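Visitor: Take this structure first; my questions come after.
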Amino acid sequence: MHCPHEHHGSVERIEKRYLELFDRDYKYSIIHNTNGDVCGHYPRKIVFLEYESSDNNKESFESTLQISRLQDLVNRSKMARCRGRFVCPVILYNGKHVCRSSTLAGWGELYGRTGYNYIFSGGSDDTFGDAEEVLEDDCAVRNNDSQLFDKVRGSDIKLLKYLSVRYICDLMVENKKVKFGLNVTSSEKVDKAQRYADFTLLSVPYPGCEFFREYKDRDYTAEGLVFNWNQDYVDAPLTIPACFTKNLNINWSEYQSWDLVQQTQNYLKLLLHIINSDGKLLVHLPDRLFLFTCMCQLYKINLIFDILSPRFSFSASIF
Numbered sequence: 001m002h003c004p005h006e007h008h009g010s011v012e013r014i015e016k017r018y019l020e021l022f023d024r025d026y027k028y029s030i031i032h033n034t035n036g037d038v039c040g041h042y043p044r045k046i047v048f049l050e051y052e053s054s055d056n057n058k059e060s061f062e063s064t065l066q067i068s069r070l071q072d073l074v075n076r077s078k079m080a081r082c083r084g085r086f087v088c089p090v091i092l093y094n095g096k097h098v099c100r101s102s103t104l105a106g107w108g109e110l111y112g113r114t115g116y117n118y119i120f121s122g123g124s125d126d127t128f129g130d131a132e133e134v135l136e137d138d139c140a141v142r143n144n145d146s147q148l149f150d151k152v153r154g155s156d157i158k159l160l161k162y163l164s165v166r167y168i169c170d171l172m173v174e175n176k177k178v179k180f181g182l183n184v185t186s187s188e189k190v191d192k193a194q195r196y197a198d199f200t201l202l203s204v205p206y207p208g209c210e211f212f213r214e215y216k217d218r219d220y221t222a223e224g225l226v227f228n229w230n231q232d233y234v235d236a237p238l239t240i241p242a243c244f245t246k247n248l249n250i251n252w253s254e255y256q257s258w259d260l261v262q263q264t265q266n267y268l269k270l271l272l273h274i275i276n277s278d279g280k281l282l283v284h285l286p287d288r289l290f291l292f293t294c295m296c297q298l299y300k301i302n303l304i305f306d307i308l309s310p311r312f313s314f315s316a317s318i319f
């Protein structure tokens, strides 16, 4: 049995190390999340990279963010995302952020978390700035949930705009995640009020973690492994603006016939094309985004330029 103090010390050592690594190349701000108060699924110190440092500015730092404003936006927007995993920058490339988050929370989680927070804060929760009003109107909201969604998704949009995000890449193969007949998560692309109309939305369906069991069963061989797009729950089509597809020399209409290697290569080409143009990008869903954000980071530090060549093949280490 591990001692809690040993675990705490290990976490502190990891934190110290990654902050030292960030210090080498970046200027950054931190939002403190010591007890998981901001998000129980994020680190105790959430780093917001601001700009790359150089030998000339190593000793000086002029923040480009208003950290109090950022903290407020995070606190108000986190309810909009599944499990509170709010929009957070994870890569800074040529002054542009690549952000991660979970997908949008459905009404079930939203109502549950709203009530939970209100009860356990002693009736003083200020996540939305007017919690009592939210609960007093609960019956009306259940008949017309747009009021509550306006509040939380409006805050989510403010955070996206504060981080200058222009493009949202949704990797879900569903429009909404359904469990036991209930919509448990949603997506920007099916927001009925079109609240995310100011952003360019890309629907880039990519198989989830369940599919990668087949990859493991095939001894980590991805060549020839094709996702079954005819399953009942798969209803999200590939939707990419023409401005991104015309320069990539890819026949996107054939995406359902691609094996895992070709699909991942082509999606990565798309993301890198956006990043290398003028795009600040949000990528979600959690079990898929790590693959792409990690490969984008490796590309950024010049480690996987060959990944886009026809000779490239997947190995277990990539996943």
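The opening residue of the sequence shown carries number 1 in the UniProt record's numbering; numbering runs sequentially from there.
A virtual CB, placed ideally from N, CA and C, is assigned to each residue, including glycine.
Only a predicted model underlies this, so the values are computations on that prediction, with no experimental measurement involved.
Strictly by DSSP, which residues pair up with Tyr255?
Guide: DSSP output for Tyr255 lists no bridge partner at all.
Visitor: Could you give the first and the last residue of the continuous alpha helix (DSSP H) run that contains Lys161?
Guide: Segment Ser146 to Tyr162, the alpha helix (DSSP H) holding Lys161.
Visitor: Do you know how far the Cα of Asp72 is from the Cα of Asn266?
Guide: If you take the alpha carbons of Asn266 and Asp72, they lie about 37 Å apart.
Visitor: Would the beta-carbon of Glu52 fall within 7 Å of that of Tyr93?
Guide: For Glu52 and Tyr93, no; Cβs fall outside 7 Å.
Visitor: Pull the bridge partners of Thr245 from the DSSP assignment, please.
Guide: Looking at the DSSP assignment, Thr245 forms no beta bridge with any residue, so it has no partner.
Visitor: Please report the straight-line C-alpha distance between residue 321 and Phe212, rounded to a whole angstrom.
Guide: The structure shown has nothing for residue 321, since the chain only spans 1 to 319.
Visitor: Report all residues from its chain with a CB closer than 7 Å to the CB of residue 357; omit the five preceding and five following residues, and keep chain order.
Guide: With the chain covering only 1 through 319, there is no way to say anything about residue 357.
Visitor: Taking contact to mean 3 or more Cβ pairs, one atom from each stretch, closer than 8 Å, check whether the segment 184–195 and the segment 254–272 are in contact.
Guide: Contact between the segment 184–195 and the segment 254–272 is absent, because fewer than three Cβ pairs lie under 8 Å.
Visitor: Measure from the alpha carbon of Asn247 to the alpha carbon of each residue in His273, Leu65 and Val226, then state which is nearest.
Guide: Among His273, Leu65 and Val226, the Cα nearest to that of Asn247 belongs to His273.
Visitor: Name the one or two DSSP bridge partners that Ile91 has.
Guide: Looking at the DSSP assignment, Ile91 forms a beta bridge with Val98.
Visitor: Note down the Cα distance separating Gly9 from Tyr18, rounded to an integer number of angstroms.
Guide: Straight-line Cα distance between these residues: approximately 14 Å.
Visitor: Taking only the alpha-carbon atoms, compute the straight-line gap between Lys16 and Phe22 and give it to the nearest angstrom.
Guide: Whole-angstrom Cα-Cα distance: 10 Å.
Visitor: Which ranges would you report for the beta strand (DSSP E) in the segment 189–233 if only whole runs of at least 3 residues count?
Guide: Complete beta strand (DSSP E) runs here, min 3: 200–203.
Visitor: Could you tell me which of Arg76, Arg85 and Phe86 sits nearest to Val152, measuring between CA atoms?
Guide: Cα-wise, what sits closest to Val152 is Arg76.
Visitor: Considering only C-alpha positions, which residue in the set Gly40, Gly36, Leu238 and Pro207 is nearest to Phe227?
Guide: Comparing Cα positions, the closest option is Pro207.
Visitor: When you compare each of Gly106, Asn251, Asp198 and Asp170 to Ser164 by their alpha carbons, which one comes out closest?
Guide: For Ser164, the nearest C-alpha among the options comes from Asp198.
Visitor: So what does DSSP say about Asp170, is it helix, strand or coil?
Guide: Of the three classes helix, strand and coil, the one that applies to Asp170 here is strand, per DSSP.
Visitor: In three-state DSSP terms, what is residue 320?
Guide: Any answer about residue 320 is impossible in this case: the structure gives the chain only from 1 up to 319.
Visitor: With a 10 Å radius around its C-beta and 16 neighbouring C-beta atoms as the bar for buried, classify His284 as buried or exposed.
Guide: Buried is the call here.
Visitor: Following the continuous beta strand (DSSP E) through Lys27, name the residue where it begins and the one where it ends.
Guide: Its beta strand (DSSP E) spans residues Tyr26 to His32.
Visitor: DSSP puts Ile46 in a beta bridge; with which residues?
Guide: Per DSSP, Ile31.
Visitor: Based on DSSP bridge pairs, tell me the residues matched to Val283.
Guide: DSSP, once it has assigned bridges, lists Arg100 and Cys169 as partnering Val283.
Visitor: Following the continuous alpha helix (DSSP H) through Thr264, name the residue where it begins and the one where it ends.
Guide: Element bounds for Thr264: Leu260 to Asn276.
Visitor: Anyone know if the C-beta pair for Ser54 and Arg81 falls short of 7 Å?
Guide: In this structure, Arg81 does not lie closer than 7 Å to Ser54 by Cβ.
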